[in-house]
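Take a look at the structure set out below.
Number of protein chains: 2
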Amino acid sequence: MVLFAGQGDARRALELLWRTPVTREKRPGPKPALTIDEIVDAAVAIADEEGMPALSMRAVGQRLGRSGMSLYTYVPNKSELVDLMYDHVHGELNGDYGLDQGWRPAVRAWAGDLWSFYQRHPWLLQVSQVRPVLGPNEYAVVETVARILTETSLPARTLLRVVGTLFHFVRGAAQTVAESRQAAAATGLSNEDWWAVRSAVVPEVVPDFARRYPTIVALGQADTFRPEEGVPYLESQAAETFRVGLATILDGVEAAMARGPGEP
Amino acid sequence: MVLFAGQGDARRALELLWRTPVTREKRPGPKPALTIDEIVDAAVAIADEEGMPALSMRAVGQRLGRSGMSLYTYVPNKSELVDLMYDHVHGELNGDYGLDQGWRPAVRAWAGDLWSFYQRHPWLLQVSQVRPVLGPNEYAVVETVARILTETSLPARTLLRVVGTLFHFVRGAAQTVAESRQAAAATGLSNEDWWAVRSAVVPEVVPDFARRYPTIVALGQADTFRPEEGVPYLESQAAETFRVGLATILDGVEAAMARGPGEP
DNA sequence: GACAATACTTTACGGCGTAAGGAGATGTCG
DNA sequence: CGACATCTCCTTACGCCGTAAAGTATTGTC
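Those sequence lines, one after another, are chains P and A.
With full-length UniProt numbering as the guide, the letters of the first sequence map in order to residues 1 to 264.
With full-length UniProt numbering as the guide, the letters of the second sequence map in order to residues 1 to 264.
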């Protein structure tokens, strides 16, 4: 189930995101005991530690010694809390990437930071991207990669598509790692063990496998990939896909530069 | 919330997927009134029409005139039902792509079919890929793209990474379209309207936007993109990202071919 | 001291996956 | 035929979820 950003009142949501100071002078009633930041921090902690399915209003409240319902005085609903979490953690991506060696190493560094960022906060990959949160930190990340790519002199239109492609790719590759860890945690079975069990059964259930899927079998035999020491197979493989795929895309960008501007 | 494949008994799951004939001779008790295929078809219909959140055991049962619990005599749990749905629909991707004009048009055709396939069944993008379902149709899709890419003569290891990259990219790009439709349906607000409201509010909440994000503003002004007639903005843009991104990746593959085999 | 506004609580509703147990159908045996 | 095992399918129940509604306690202004 994908979560969608920005369902509620637009102004209220944006003022929360940009922390527009709320003038709350002499008004009756008890003082708020919590701040938005405390709530967002608690929610992020839960999502980081236990994953998105464990993130419930009741759980966040409990972590703060409050009932789940009490949060509704700070945040209109859960979906907007997720928006706030989303933008908040994007503040971690504030590196500026020097262009002294050109755009390519800078893009690589940016993508690498994004890659490990998603691994630190895998729940981000379950928040839809279509309706952007429009918070300060999300904009800053786009600004950063766009500034780097300006160096390629690609036309704006193509450049924006390259930005999209990079995000799709990094998110997809990061998802493999994130989900492999989630699956292992959720099922109590490591991916290696899972694969060992399955791959032993497949030949029994499908005796003519090699005849039906000759290319898969041939590639499996010819593959020289071996995981790094101490790193689970799937994660090591995903890291290699990230490296190779990113290089492939950047090679493609160079080809587009060499071709010069034209129809995208 | 991402769904994970294959939590249950491996043999039972695989026999269901590959439809290994169950010898159910003279056994007492009433005859089953349903078949697995009927259940899978009903579940796919719900997911296609109303999206993954609407897919509940009770809903599938209701569509078949049965209680939700009755399905548990056919399928061990919901997660395995999703596996069956996943593999079943992949049977639609059975085209074979001629190589007379080389690998590049064939990959483009394959990716294009995958792209529209995901749009026909957007819920597929919410099923995790880490633990593959290992059904006949899923294998067939991998076999197809692998066979095409064999034409590039890339080493097996690199070729497999390219396959991963293509899947990441196509899934990511397709997700944009799928989620944009889901968001519009779920919120009752078109993406255009949503954007109109937000973008009007941002300058009020963030008066110094242009100073803080100069590259974004400059790119927005220089962008020549205009949506196709009658196609929503976001979808048209996503289609262009798909075209441009795929071309970029394939250019990168050609560059890797030109470089010849080496460390991936 | 009266009153209004606010923070926070408890309770409740309709959804979910599925465990448990029971009803009725259908086969094999004596 | 009757007894019994086995099967499909049903109802009920549990503990989760987001959040609506209503109640209580606290704090300010008049």
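Heads up, the beta-carbon is just placed ideally off N, CA and C, and yes, glycines get one too.
Note that the structure is a prediction, hence the values are computed from the model and not measured.
Item to check | Beta-carbon contacts of A/Ala47 that lie in its chain and below 8 Å, excluding the five residues immediately before and after | outcome: Ala54, Leu55, Met85, His121, Trp123
Checklist entry - Beta carbon of A/Ile39, beta carbon of P/Ala146: below 8 Å? => result no
Item to check | Sequence-distant residues of the same chain with beta carbon closer than 8 Å to residue 273 of chain A, five excluded per side | outcome: Past the edges of chain A, shown from 1 to 264, lies residue 273 of chain A, and the structure says nothing about it.
Next on the checklist: Which same chain residues end up closer than 7 Å to A/Gly95 when comparing Cβ atoms and leaving out the 5 residues on each side of it in sequence?
Outcome noted: Asp113
Next on the checklist: If you reduce the DSSP assignment to three classes, tell me which class A/Val127 lands in.
Outcome noted: strand
Checklist entry - By how many angstroms is the C-alpha of A/Glu80 removed from the C-alpha of A/Gln7? => result Low per-residue confidence applies at A/Gln7: pLDDT is 40, beneath 50, and the placement is therefore not dependable, though the value from the model is reported in the following sentence. If I take the Cα positions, the gap works out to 8 Å.
Item to check | Exposure label - P/Gly164; buried when at least 16 CB within 10 Å | outcome: buried
Item to check | Cβ pair A/Asp83, A/Ala13 closer than 8 Å | outcome: yes
Item to check | Any chain A beta carbon closer than 8 Å to P/Gln7 | outcome: Since pLDDT at P/Gln7 reaches only 41, below the 50 mark, its modelled position is unreliable, and no value is offered.
Checklist entry - What are the boundary residues of the alpha helix (DSSP H) that A/Met57 is part of? => result 57–63
Checklist entry - Checking contacts by CB at 8 Å: is residue 267 of chain A closer than that to chain P? => result The displayed coordinates of chain A run from 1 to 264. Any statement about residue 267 of chain A would go beyond what the structure contains.
Next on the checklist: Which runs of the beta strand (DSSP E) at least 3 residues long sit entirely within the stretch 86–128 of chain A? Give them in chain order.
Outcome noted: none
Checklist entry - For the putative contact between P/Trp110 and P/Thr152, defined by C-beta atoms under 8 Å, what is the C-beta separation to the nearest angstrom? => result That belief does not hold up - the Cβ atoms of P/Trp110 and P/Thr152 are roughly 13 Å apart, past 8 Å.
Item to check | Listed by chain order, chain A residues near P/Gly61 by CB distance under 8 Å | outcome: The premise fails here: P/Gly61 is roughly 20 Å from chain A at the closest Cβ pair, so nothing lies under 8 Å.
Checklist entry - Which stretch, first to last residue, makes up the alpha helix (DSSP H) that contains P/Gly164? => result 156–187
Checklist entry - Name the chain P residues whose beta carbon is nearer than 7 Å to that of A/Thr241? => result Arg161, Gly164, Thr165
Checklist entry - Smallest Cα separation from P/Leu93: which of P/Glu138, P/Ser128, P/Val60, P/Trp194? => result P/Glu138
Next on the checklist: Would A/Val177 and A/Ala238 be called neighbours here (beta carbons separated by less than 8 Å)?
Outcome noted: yes
Checklist entry - If you follow the alpha helix (DSSP H) that P/Gly245 is part of, which residue opens it and which one closes it? => result 233–259
Item to check | First and last residue of the uninterrupted alpha helix (DSSP H) at A/Thr224 | outcome: Careful: A/Thr224 lies outside any alpha helix (DSSP H) and carries neither H nor E.
Next on the checklist: Please report the distance separating the alpha-carbon of A/Leu3 from that of P/Pro136.
Outcome noted: In this prediction, A/Leu3 has a pLDDT of 44, which is less than 50 and means its spatial position is unreliable; what the coordinates show is noted afterwards. Looking at the two C-alpha atoms, the distance is approximately 32 Å.
Checklist entry - Given A/Val133, which residues of its chain have a CB within under 6 Å of its CB, disregarding the five upstream and five downstream residues? => result Ala5, Asp83, Tyr86, Asp87
Checklist entry - Quick one: which chain P residues come within Cβ less than 7 Å of A/Arg147? => result Thr215
Item to check | Listed by chain order, chain A residues near P/Gln119 by CB distance under 7 Å | outcome: Near P/Gln119 there are no residues of chain A at all, since even the closest Cβ is about 14 Å away, more than 7 Å.
Item to check | Assumed close pair A/Val244, P/Arg161 - CB separation to whole angstroms, cut-off 8 Å | outcome: 4 Å
Checklist entry - Closer than 8 Å, Cβ to any Cβ of chain P: which residues of the stretch 105–116 of chain A, in chain order? => result none
Checklist entry - Of all the residues that make up the stretch 224–235 of chain A, which are near chain P by a beta-carbon distance shorter than 7 Å? => result Thr224, Phe225, Leu234
Next on the checklist: Just to confirm the assignment, what range does the alpha helix (DSSP H) spanning A/Pro136 have?
Outcome noted: 136–150
Checklist entry - Which of the three DSSP states, helix, strand or coil, is assigned to P/Ala54? => result helix
Checklist entry - So P/Met57 packs on P/Gly68, CB below 8 Å; how close in whole Å? => result 4 Å
Item to check | Cβ-based neighbour list, P/Pro32, same chain, cut-off 8 Å, excluding 5 preceding and 5 following | outcome: Thr73, Tyr74
Checklist entry - DSSP three-state call for P/Asn191: helix, strand or coil? => result helix
Next on the checklist: Residues of chain P with CB closer than 8 Å to the CB of A/Thr152, please, in chain order.
Outcome noted: Under the 8 Å cutoff, chain P gives no residues; its nearest Cβ is about 12 Å from A/Thr152.
Next on the checklist: Let me check understanding here. Comparing Cα to Cα, which of A/Val197, A/Val44, A/Asn77 lies closest to A/Arg63?
Outcome noted: A/Val44
Checklist entry - Should P/Gln182 go down as buried or exposed, given a rule of 16 or more other Cβ atoms within 10 Å for buried? => result buried
Checklist entry - Can you give the Cα-Cα distance for P/Pro30 and A/Ala200, rounded to whole angstroms? => result 35 Å
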